[in-house]
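Engineer:
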Amino acid sequence: MESILEVRNLVKRFGGLVAVSDVSFRVQRGQIKAIIGPNGAGKTTIFNLITGVDSPTAGEIRFKNSEINGLKPHEIAAKGISRTFQNVQLFDNMTVLENVMVGRHPRTVSGLLSSALRLPRTKSEERAIHTAAMERLNFVGLDSSSQDLAVNLPFGQQRLLELARALATDPELLLLDEPAAGLNSFEAGLLADLILKIREHGTTILLVEHDMELVMDISDEIVVLNYGKKIAEGTPVEVQNDQQVINAYLGEGP
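Okay, so the sequence shown: first residue is 71 according to the working numbering, each after it adds one.
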């Protein structure tokens with residue numbers, strides 16, 4: 071199976087703190103792969119390194135066999151990587167629809183001048199953006215709330231809106247940073263179904279999540295981090311039975 075993302079010997083230091091220490095893994099095209107571990111294990115730092123928010127101290131990140139180290143976040147997004155955030159980041163005073171349309175704009179080819187002048191090509195693109203945004207809202211079940219302000223949505227729906235916006239660029243690889251945080255069990259179940267549908271549509275998913283039921287239900291493979299180091303990698307069954315993982319994170323269970 072083809073690797074869409076490869077992380078090789080990744081290291082990130084913040085002063086004297088080693089947040090990520092010699093971590094390597096691959097994500098195969100079409101996979102749902104999860105990264106788990108205690109708070110402070112380096113999970114979100116890895117997402118920030120992949121998306122260009124931070125630069126690695128050492129190591130290499132390759133997307134579709136091309137190195138993306140040193141690229142800016144918008145350059146990495148243009149290559150086909152999108153993400154959500156641990157803390158929901160929306161434009162509160164924009165409508166639900168406008169939030170998704172903003173996410174779609176990087177795919178347009180019109181420049182600032184043509185946008186300002188409202189040239190025909192821009193108008194055509196705006197119509198296409200509107201249609202695509204409504205399709206994403208319909209996909210996550212928020213089409214009926216398209217004209218509501220984002221700030222007025224319940225928290226669970228804000229999570230879905232952020233997901234719709236991340237999908238607006240038609241990413242090949244979607245990074246989900248704790249998408250179930252703050253959701254009740256029913257909402258988390260709906261989210262799991264939605265993630266599986268996203269994969270069915272051809273998007274590869276890399277997931278950071280503390281909800282172990284969700285992770286074990288939908289993941290093909292899991293990477294386990296502890297204090298910035300990878301301590302295990304394998305299928306959900308393999309990870310659940312790994313004594314080092316049990317000691318560090320999962321516990322002995324009931």
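Just so you know, even glycine gets a beta-carbon here, dropped at the ideal spot from N, CA and C. Quick caveat: nothing in here was measured; it's all calculated off a predicted structure.
What are the boundary residues of the alpha helix (DSSP H) that residue 258 is part of?
Structural biologist: 255-270
Engineer: With DSSP as the reference, label residue 72 as helix, strand or coil.
Structural biologist: coil
Engineer: In whole angstroms, give me the CA-to-CA distance for residue 247 and residue 265.
Structural biologist: 13 Å
Engineer: For residue 245, count neighbouring Cβ atoms within 10 angstroms of its own Cβ and tell me buried if that reaches 16, exposed if not.
Structural biologist: buried
Engineer: Please give me, in chain order, every unbroken run of the alpha helix (DSSP H) with length at least 4 that falls completely inside the region 99-130.
Structural biologist: 113-120
Engineer: Have a look at residue 131 and residue 199 and give me their C-alpha separation to the nearest angstrom.
Structural biologist: 31 Å
Engineer: Apart from the five residues on each side of it in sequence, which residues of its chain come closer than 6 Å, Cβ to Cβ, to residue 277?
Structural biologist: 104, 246
Engineer: To the nearest angstrom, how far is it from the Cα of residue 143 to the Cα of residue 75?
Structural biologist: 16 Å
Engineer: Could you check what DSSP says for residue 275 in three-state terms: helix, strand or coil?
Structural biologist: strand
Engineer: What number of angstroms, rounded off, separates the C-alpha of residue 316 from the C-alpha of residue 94?
Structural biologist: Computed Cα separation, rounded: 21 Å.
Engineer: Please return the same chain residues whose Cβ sits closer than 7 Å to the Cβ of residue 250, not counting the five positions on each side in sequence.
Structural biologist: 258, 261, 279, 281, 284
Engineer: Looking at the strands, I want to know which residues DSSP matches up with residue 136.
Structural biologist: Listed as beta-bridge partners of residue 136 by DSSP are 133.
Engineer: Please classify residue 226: does DSSP put it in a helix, a strand, or coil?
Structural biologist: helix
Engineer: Taking its Cβ as the centre, do 16 or more other Cβ atoms sit within 10 Å of residue 217, making it buried, or is it exposed?
Structural biologist: exposed
Engineer: Can you have a look at residue 228 and say buried or exposed, based on whether 16 or more other CB atoms are within 10 angstroms of its CB?
Structural biologist: buried
Engineer: Cβ atoms of residue 232 and residue 154: under 8 Å apart, would you say?
Structural biologist: yes
Engineer: What are the boundary residues of the alpha helix (DSSP H) that includes residue 309?
Structural biologist: 306-310
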